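**Student:** In our numbering, the protein residues as written are 5 to 282.
Note that beta-carbon positions come from the ideal geometry of N, C-alpha and C, so glycine has one too.
The model shown is predicted, which means the values in this text are computed figures rather than measured ones.
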Amino acid sequence: MDDGTEQQSWDDESGAVLRIVGRQLKAWREAAGLRQAELGTAIGYSEELVSSVERGRRAPKDVYLQRTDDVLGAGGKIISMQRDVAEARYPKKVRDLAKLEAEAVELGAYNHSMVHGLLQTEEYARALFGMRRPLLGEEVIEREVGARMARQAIVDKTKTLPVFSFVQDEVTLRRPTGGKMVQRRQLERLLEVGQFRNVEIQVMPTDREEHAGLTGGFRIFKLQSGATLGYTEVLRITRLISEPREVQFLEMQYGSIRAQALTPRESLAFIEKLLGET
Numbered sequence: 005m006d007d008g009t010e011q012q013s014w015d016d017e018s019g020a021v022l023r024i025v026g027r028q029l030k031a032w033r034e035a036a037g038l039r040q041a042e043l044g045t046a047i048g049y050s051e052e053l054v055s056s057v058e059r060g061r062r063a064p065k066d067v068y069l070q071r072t073d074d075v076l077g078a079g080g081k082i083i084s085m086q087r088d089v090a091e092a093r094y095p096k097k098v099r100d101l102a103k104l105e106a107e108a109v110e111l112g113a114y115n116h117s118m119v120h121g122l123l124q125t126e127e128y129a130r131a132l133f134g135m136r137r138p139l140l141g142e143e144v145i146e147r148e149v150g151a152r153m154a155r156q157a158i159v160d161k162t163k164t165l166p167v168f169s170f171v172q173d174e175v176t177l178r179r180p181t182g183g184k185m186v187q188r189r190q191l192e193r194l195l196e197v198g199q200f201r202n203v204e205i206q207v208m209p210t211d212r213e214e215h216a217g218l219t220g221g222f223r224i225f226k227l228q229s230g231a232t233l234g235y236t237e238v239l240r241i242t243r244l245i246s247e248p249r250e251v252q253f254l255e256m257q258y259g260s261i262r263a264q265a266l267t268p269r270e271s272l273a274f275i276e277k278l279l280g281e282t
């Protein structure tokens, strides 16, 4: 039975957000003249859960906030906390990555083992997390998938910034992750996003004799401040690269990878052909 909350080990940043939300909820309850037990009865949850939320030990789900807003007559002010609570649930790595993406005016990424997270369909992402070892629990998988889908809001065809450049190894498109239907929907998604004016998708064919990306995938962020950062992830261990000389090497490598890959137009034609074969 869903208790309307989520409990896990929170990092310092998430914990601070949940404590602030909890204090706000407590203030609204007390202003309404209700005890914790009375609010719990009114919204359909136990006094213990109400207490845990107000102390920042549990993250209230949307239904909890919606019911509390209605019962306390907050006029949407409590519901407006949903976004902050949702972001607090995401792993710190995801939050940090989302912040970088939000600050970027240009993002370049080379992927050699899977489709980039900003391009993944929900089914594809769920299949990836389902294959993780050690196995992830269902709640963790749903949290990770939700966080990945939320990040994709930045890929918006109505905006001119940031500008995106993705290079995908051919094998990432041919591997039937999640099964043939999931693979087909993923290819269709790539064709859709590849039409956005601020997105370029390139394919690195397997038959290329020269390939500057054999050392692994990485990302490059050009930020609004003018700074450029690199980002790598190996076995879920992430590294942010800020040293100018190292970043310069990554930029040179990415330039070579893009030059060796199919052009964006050729790449979309390649993906369309592959979709027809799948």
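Cα separation between Leu266 and Leu233?
**Tutor:** A straight line joining the alpha-carbon of Leu266 with that of Leu233 spans about 25 Å.
**Student:** Please go through the segment 230-282 and give each complete alpha helix (DSSP H) segment of 4 or more residues, from N-terminal end onward.
**Tutor:** 248-264 and 268-281
**Student:** If you draw a straight line from the alpha carbon of Asp100 to that of Glu237, how long is it in whole angstroms?
**Tutor:** Straight-line Cα distance between these residues: approximately 13 Å.
**Student:** Taking Cβ to Cβ, would you say Leu202 is nearer than 8 Å to Lys226?
**Tutor:** At residue 202 the sequence reads Asn, which differs from the Leu that was named. The answer is no: Cβ separation not under 8 Å.
**Student:** DSSP on Leu29, reduced to helix/strand/coil?
**Tutor:** helix
**Student:** Please tell me whether Leu278 and Leu191 are closer than 8 Å, where the distance is taken between their beta carbons.
**Tutor:** yes
**Student:** Locate the beta strand (DSSP E) running through Ala216, then write down its first and last residues.
**Tutor:** Unbroken run through Ala216: none, as it is neither H nor E.
**Student:** Can you have a look at Thr72 and say buried or exposed, based on whether 16 or more other CB atoms are within 10 angstroms of its CB?
**Tutor:** buried
**Student:** Please report the distance separating the alpha-carbon of Leu122 from that of Glu143.
**Tutor:** 21 Å
**Student:** For Gly60 and Leu22, which I take to be in contact (beta-carbon distance under 8 Å), what is that distance rounded to the nearest angstrom?
**Tutor:** Taking the Cβ atoms as the reference, Gly60 lies roughly 4 Å from Leu22, within the contact range of under 8 Å.
**Student:** Could you tell me which of Met208, Met153, Lys161 and Arg39 sits nearest to Phe170, measuring between CA atoms?
**Tutor:** Met208
**Student:** Would you kindly work out how many angstroms separate the C-alpha atoms of Lys285 and Gly259, rounded to a whole number?
**Tutor:** Past the edges of the chain, shown from 5 to 282, lies residue 285, and the structure says nothing about it.
**Student:** Relative to the C-alpha of Arg240, which candidate in Lys184, Gly230 and Arg137 has its C-alpha closest?
**Tutor:** Arg137
**Student:** Looking only at its own chain, which residues have a Cβ that is under 8 Å from the Cβ of Met5, when we skip the five neighbours before and after it?
**Tutor:** A caution first: Met5 carries a pLDDT of 42, below 50, which makes its placement in the model unreliable, though a value can still be read off. Same-chain partners within the cutoff: there are none.
**Student:** State the DSSP-derived secondary structure class of Gly134, mapped to helix, strand or coil.
**Tutor:** helix
**Student:** Closest to Ser246 by CA distance: which of Ile224, Thr210 and Ile82 is it?
**Tutor:** Ile224
**Student:** In chain order, what residues of the same chain have a beta carbon less than 7 Å from the beta carbon of Gln156, not counting five sequence neighbours either side?
**Tutor:** Leu122
**Student:** Would you identify the three-state DSSP class for Gly44, choosing helix, strand or coil?
**Tutor:** helix
**Student:** Quick check on the burial criterion: 16 or more other C-beta atoms within 10 angstroms. Buried or exposed for Glu328?
**Tutor:** Lying outside 5 to 282, the shown extent of the chain, residue 328 is not represented and no answer is given.
**Student:** Would you identify the three-state DSSP class for Met118, choosing helix, strand or coil?
**Tutor:** coil
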